[in-house]
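Q:
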Amino acid sequence: MISSTHTEELVIALCGPIGSPLHDVGEAVRSMLLDSFGYTECTYLKLSDFIVNHAAGVSLTIPSPHGFQRINALIEAGNKLREKYGNGVLAELAIHKIRLDREQQKTANQSAKYAPRRVVHIIDSIKNKEELALLRLVYRDMLYVVGVFAPLQTREANLKEFGLSTAQIYTLVDRDSGEESEAGQTVSDTFPNCDFFLRTGDGTDSELKARVERFLHLVLGTKVITPTFAETAMYSAAMASANSACLSRQVGASVTDHDGNILSIGWNDVPATGGGLYGRSDHDHRCWNISGGKCFNDAEKDKLAQEMVDALAEVIAPEHLERAKTILRGASKLKGLIEFSRAIHAEMHAILNAGKTSGMRIEGGKLFVTTYPCHSCARHIVAAGISEVYYIEPYRKSLAIKLHGDAISEQEIDKDKVRILAYDGVAPSQYLGLFRVPQNSRKKDGKLITMALKESSPRLEKSMEALPALEGLVVKSLLEKKLLPERGSQNDGLSPLPGTTES
Numbered sequence: 001m002i003s004s005t006h007t008e009e010l011v012i013a014l015c016g017p018i019g020s021p022l023h024d025v026g027e028a029v030r031s032m033l034l035d036s037f038g039y040t041e042c043t044y045l046k047l048s049d050f051i052v053n054h055a056a057g058v059s060l061t062i063p064s065p066h067g068f069q070r071i072n073a074l075i076e077a078g079n080k081l082r083e084k085y086g087n088g089v090l091a092e093l094a095i096h097k098i099r100l101d102r103e104q105q106k107t108a109n110q111s112a113k114y115a116p117r118r119v120v121h122i123i124d125s126i127k128n129k130e131e132l133a134l135l136r137l138v139y140r141d142m143l144y145v146v147g148v149f150a151p152l153q154t155r156e157a158n159l160k161e162f163g164l165s166t167a168q169i170y171t172l173v174d175r176d177s178g179e180e181s182e183a184g185q186t187v188s189d190t191f192p193n194c195d196f197f198l199r200t201g202d203g204t205d206s207e208l209k210a211r212v213e214r215f216l217h218l219v220l221g222t223k224v225i226t227p228t229f230a231e232t233a234m235y236s237a238a239m240a241s242a243n244s245a246c247l248s249r250q251v252g253a254s255v256t257d258h259d260g261n262i263l264s265i266g267w268n269d270v271p272a273t274g275g276g277l278y279g280r281s282d283h284d285h286r287c288w289n290i291s292g293g294k295c296f297n298d299a300e301k302d303k304l305a306q307e308m309v310d311a312l313a314e315v316i317a318p319e320h321l322e323r324a325k326t327i328l329r330g331a332s333k334l335k336g337l338i339e340f341s342r343a344i345h346a347e348m349h350a351i352l353n354a355g356k357t358s359g360m361r362i363e364g365g366k367l368f369v370t371t372y373p374c375h376s377c378a379r380h381i382v383a384a385g386i387s388e389v390y391y392i393e394p395y396r397k398s399l400a401i402k403l404h405g406d407a408i409s410e411q412e413i414d415k416d417k418v419r420i421l422a423y424d425g426v427a428p429s430q431y432l433g434l435f436r437v438p439q440n441s442r443k444k445d446g447k448l449i450t451m452a453l454k455e456s457s458p459r460l461e462k463s464m465e466a467l468p469a470l471e472g473l474v475v476k477s478l479l480e481k482k483l484l485p486e487r488g489s490q491n492d493g494l495s496p497l498p499g500t501t502e503s
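For the sequence shown, UniProt numbering assigns the number 1 to the initial residue and increments by one for each residue that follows.
(1) Quick one: Cα of I12 to Cα of G26, how far?
(2) Tell me the DSSP bridge mates of W267?
(3) Among the candidates L143, K127, S236 and R102, whose CA atom is the shortest distance from the CA of A115?
(4) Could you work out which residue in S398, M360 and A311 is closest to K333 when comparing CA atoms only?
(5) What is the rounded straight-line gap between the Cα of P21 and the Cα of H217?
(6) Can you list, in chain order, the stretches of the alpha helix (DSSP H) that have 4 or more residues and sit fully within the stretch 70-131?
(7) Taking just the CA atoms, how far does G425 sit from T154?
(8) Which ranges does the beta strand (DSSP E) cover as unbroken runs of at least 3 residues, wholly within the stretch 169-236, from first to last along the chain?
(9) Can you tell me which of G88, A73, Y144 and R99 puts its alpha carbon nearest to the alpha carbon of R459?
(10) Which residue from A167, K356, V418 and V212 puts its Cα closest to that of A383?
(11) Taking Cβ to Cβ, would you say G275 is nearer than 8 Å to I265?
(12) Give the DSSP-derived three-state secondary structure of L453 in the structure shown.
(13) Residues in the same chain with beta-carbon distance under 6 Å from G364, minus the five sequence neighbours each way, listed in chain order, please.
(14) Going by C-alpha distance, which of I122, N128, D49 and L100 is nearest E83?
(15) Taking 7 Å as the limit between beta carbons, can you name the residues of its chain near Q306, skipping five residues before and five after?
(16) Let me confirm a value: A183 is counted as buried when at least 16 other C-beta atoms fall within 10 Å, else exposed. Which label applies?
(17) If you measure between the beta carbons of T222 and C15, is that distance less than 8 Å?
(18) Return the chain-ordered list of same chain residues with a C-beta closer than 6 Å to the C-beta of G19, the five sequence neighbours on each side being excluded.
(19) Verify whether the separation of the beta carbon atoms of L321 and M308 is less than 8 Å.
(20) Three or more C-beta pairs under 8 Å: does that hold for the stretch 88-102 against the stretch 126-141?
(21) For a test of the three-state rule: what should DSSP assign to E388, helix, strand or coil?
(22) Looking at the structure shown, is T371 part of a helix, part of a strand, or coil, going by DSSP?
(23) Could you check what DSSP says for G276 in three-state terms: helix, strand or coil?
(24) Ignore the nearest five residues each way along the sequence and tell me which others in Q250's own chain have a CB closer than 6 Å to its CB.
(25) On a Cα-Cα basis, can you pick out the residue from V173, K447, A150 and E347 that is closest to T370?
(26) For T500, name the three-state secondary structure that DSSP assigns.
(27) Give a yes or no on whether the C-beta atoms belonging to M32 and E213 are separated by under 8 Å.
(28) Any contact of the stretch 464-483 with the stretch 132-141, i.e. 3+ C-beta pairs under 8 Å?
(29) Given that a residue counts as buried once 16 or more other Cβ atoms are within 10 Å of its Cβ, and exposed if not, what is E9?
(30) If you draw a straight line from the alpha carbon of L93 to that of L478, how long is it in whole angstroms?
(31) Check whether the Cβ atoms of residue 579 and F196 lie closer than 8 Å to each other.
(32) Can you tell me which of the three DSSP states V138 falls into?
(33) In terms of alpha-carbon separation, which member of A77, I123 and I351 lies closest to K46?
(34) Determine the closest residue to P373 out of S358, G385, Y390 and I362, with distance taken between C-alpha atoms.
(35) Does any C-beta atom of chain C lie closer than 8 Å to the C-beta of K129?
(36) For L198 and F229, which I take to be in contact (beta-carbon distance under 8 Å), what is that distance rounded to the nearest angstrom?
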């Protein structure tokens with residue numbers, strides 16, 4: 001009974017740093033679903049269009065010519081809209097458009113119920129964690145978020161096509177990757193939470209389309225696809241991170257040999273006498289369990305800031321001393337210090353474990369880590385003979401390239417250096433969901449079950465009964481913020497909202 005209410009609708013959101021080919025990926029998804037997989041409709045929603053339409057509400061205007069002034073104004077207006085209406089407001093406006101499209105279809109069909117539709121909604125693109133959180137809350141298993149990454153050189157070249165100078169490009173890159181304000185663009189924090197990652201820049205269009213097609217086959221369950229060595233290694237790294245009790249962050253790593261066979265895993269935590277790290281025991285001396293559960297790295301940085309203020313006490317007015325300490329504590333260089341941590345890093349733990357069990361097999365091998373290596377780990381990675389490093393989460397504090405540019409590169413073409421590259425493939429969070437299948441679902445009467453692409457359904461479907469109610473709550477929020485026309489004024493085409501008595 002419930003299965004009869006399921007819809008084949010998909011919501012695919014894109015996320016990536018500025019200058020990455022998000023639109024190219026979105027267009028590849030759209031064309032393949034319509035041409036090959038039998039989807040009949042596609043709505044393409046650009047969040048920047050909502051910014052343009054509502055910029056006047058925050059007393060800003062967006063210049064028309066595409067260039068630095070327009071892009072910077074879009075970022076500024078987007079930030080102001082989040083500050084005024086909540087960090088998820090652009091996602092709310094996208095949800096309203098999706099709901100409106102569904103309502104109009106119901107009206108056109110002269111039906112009292114929502115009919116299941118073979119439609120895909122593509123959202124280009126999310127820039128803030130709360131935008132992603134709201135989309136997941138509403139669409140759950142219907143939603144897939146694709147992270148699109150291109151190397152900085154490629155992004156620079158793409159942005160220069162719009163007439164931007166190098167200085168302007170770096171201004172936009174810095175704003176886009178992670179602003180201090182929670183209402184700002186925080187792509188660096190949002191990107192790691194994607195469901196599928198595409199590294200672009202050095203391959204051909206056909207290679208990109210092939211990887212997009214593989215992703216869609218996984219979503220729709222239309223082919224027998226097994227994980228790549230990289231996907232299994234990164235899943236192992238993510239699994240290892242769950243062992244960490246570090247108060248700052250959980251990081252996991254795995255080391256493979258040159259052929260992709262996993263040699264070891266590691267995570268960040270406090271070393272224990274006799275070798276290895278502390279775990280669950282009666283003698284657990286990790287930070288959470290001693291000295292009132294404090295982070296020793298943070299405590300030492302606080303002491304350092306206080307020592308600096310004390311040294312300057314003679315030239316700082318007494319009433320400004322506490323403010324001076326706050327400013328020093330937040331200074332980027334001091335804030336980024338990591339050497340006071342008691343924990344060994346995940347990369348080092350994995351390398352030590354590989355050395356214990358696999359010896360020389362580590363040379364020429366690969367390291368998969370959930371977070372970009374710090375500069376301390378980077379030099380040990382080089383010394384260990386690792387040839388490639390793959391990461392998911394950026395780490396802006398790392399000075400790996402600045403300090404060891406002679407031995408490390410972020411460019412895929414630099415075969416004579418240790419390459420640190422963005423991970424490409426299924427996210428660890430989706431590994432089991434996309435690769436594990438029910439028992440005996442692949443064969444019938446001893447033969448492989450084949451499925452017509454245009455009759456396939458998403459692996460995970462959502463009931464149409466709950467979806468309009470969740471979207472309706474979002475629309476209600478927009479109405480309260482006065483971001484939509486008053487209900488009933490030339491009717492907006494929407495059915496009554498939850499908790500209202502409209503007819």
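Where a beta carbon is used, it is the ideal one built from N, C-alpha and C, also for glycine.
Computed from a prediction, not measured in an experiment: that's the story for all the values here.
A: Concretely, from the data shown:
(1) Within the sequence shown, numbered from 1, the residue matching residue 12 stands at position 12. Within the sequence shown, numbered from 1, the residue matching residue 26 stands at position 26. When rounded, the distance between both Cα atoms is 9 Å.
(2) Counted from its first residue, the sequence shown places residue 267 at position 267. DSSP output for W267 lists G252 as bridge partner(s).
(3) What you label residue 115 is simply residue 115 of the sequence shown in a count that begins at 1. That would be R102, whose Cα lies nearest to the Cα of A115.
(4) Within the sequence shown, numbered from 1, the residue matching residue 333 stands at position 333. Of S398, M360 and A311, the residue nearest in Cα terms is S398.
(5) One-based indexing of the sequence shown puts residue 21 at position 21. One-based indexing of the sequence shown puts residue 217 at position 217. The alpha-carbon atoms of P21 and H217 are separated by roughly 21 Å.
(6) 89-108
(7) Your numbering for residue 154 matches position 154 in the sequence shown. Your numbering for residue 425 matches position 425 in the sequence shown. Spanning the two alpha carbons is a distance of roughly 20 Å.
(8) 196-199
(9) Taking the sequence shown and counting its residues from 1, one reaches residue 459 at position 459. When only C-alpha atoms are compared, the closest one is Y144.
(10) Locating residue 383 in the sequence shown gives position 383, counting from the first residue. Nearest of A167, K356, V418 and V212 to A383, Cα basis: V418.
(11) By one-based count along the sequence shown, residue 275 stands at place 275. By one-based count along the sequence shown, residue 265 stands at place 265. Not a contact, by the Cβ cut-off of 8 Å.
(12) Here residue 453 is taken as the residue at index 453 of the sequence shown, counted from 1. Shown here, L453 sits in a helix according to DSSP, grouped into three states.
(13) Your numbering for residue 364 matches position 364 in the sequence shown. The answer, listed in chain order, is H258 and S387.
(14) Taking the first residue of the sequence shown as 1, we reach residue 83 at position 83. Of I122, N128, D49 and L100, the residue nearest in Cα terms is N128.
(15) Within the sequence shown, numbered from 1, the residue matching residue 306 stands at position 306. Excluding residues within five positions, the ones whose Cβ falls inside 7 Å are K325.
(16) Here residue 183 is taken as the residue at index 183 of the sequence shown, counted from 1. With 16 or more other Cβ atoms within 10 Å, it is buried.
(17) Your numbering for residue 222 matches position 222 in the sequence shown. Your numbering for residue 15 matches position 15 in the sequence shown. For T222 and C15, no; Cβs fall outside 8 Å.
(18) Here the question's residue 19 lines up with position 19 in the sequence shown. So the list reads R155, N158 and L159, once near-sequence residues are dropped.
(19) Counting from 1 along the sequence shown, the entry for residue 321 is found at position 321. Counting from 1 along the sequence shown, the entry for residue 308 is found at position 308. No.
(20) yes
(21) Position 388 of the sequence shown, counted from the start, is the residue given in the question as residue 388. Reduced to three states, the DSSP call for E388 is strand.
(22) Counting from 1 along the sequence shown, the entry for residue 371 is found at position 371. If DSSP states are grouped into helix, strand and coil, T371 belongs with the strands.
(23) Position 276 of the sequence shown, counting from 1, holds the residue named residue 276. In the structure shown, G276 sits in coil (DSSP, three-state: anything other than H, G, I, E or B).
(24) What you label residue 250 is simply residue 250 of the sequence shown in a count that begins at 1. Cβ neighbours of Q250 beyond the five flanking positions: S241 and S244.
(25) For the purposes of this step, residue 370 is identified with residue 370 of the sequence shown, where counting begins at 1. Comparing Cα positions, the closest option is E347.
(26) Here residue 500 refers to the residue found at position 500 of the sequence shown. In this prediction, T500 scores a pLDDT of 43, lower than 50, which makes its location untrustworthy; no coordinate-derived value is stated.
(27) Numbered from 1 along the sequence shown, position 32 holds the residue referred to as residue 32. Numbered from 1 along the sequence shown, position 213 holds the residue referred to as residue 213. Cβ atoms of M32 and E213: closer than 8 Å.
(28) yes
(29) Here the question's residue 9 lines up with position 9 in the sequence shown. Counting every other CB atom within 10 Å of its CB across the protein chains shown gives E9 a total of 16 or more, marking it as buried.
(30) If you number the sequence shown from 1, residue 93 lands on position 93. If you number the sequence shown from 1, residue 478 lands on position 478. One C-alpha to the other measures close to 8 Å.
(31) Outside the displayed range of the chain (1 to 503) lies residue 579, so it cannot be described from this structure.
(32) Numbered from its first residue, the sequence shown carries residue 138 at position 138. V138: helix per DSSP, three-state reduction.
(33) Counted from its first residue, the sequence shown places residue 46 at position 46. Considering only alpha carbons, the answer is I123.
(34) Taking the first residue of the sequence shown as position 1, residue 373 is located at position 373. That would be Y390, whose Cα lies nearest to the Cα of P373.
(35) Among the chains in the structure shown there is no chain C, since it carries only a single protein chain.
(36) In the sequence shown, the residue the question calls residue 198 occupies position 198. In the sequence shown, the residue the question calls residue 229 occupies position 229. At roughly 18 Å, the Cβ-Cβ gap does not stay under 8 Å, so L198 and F229 are not in contact.
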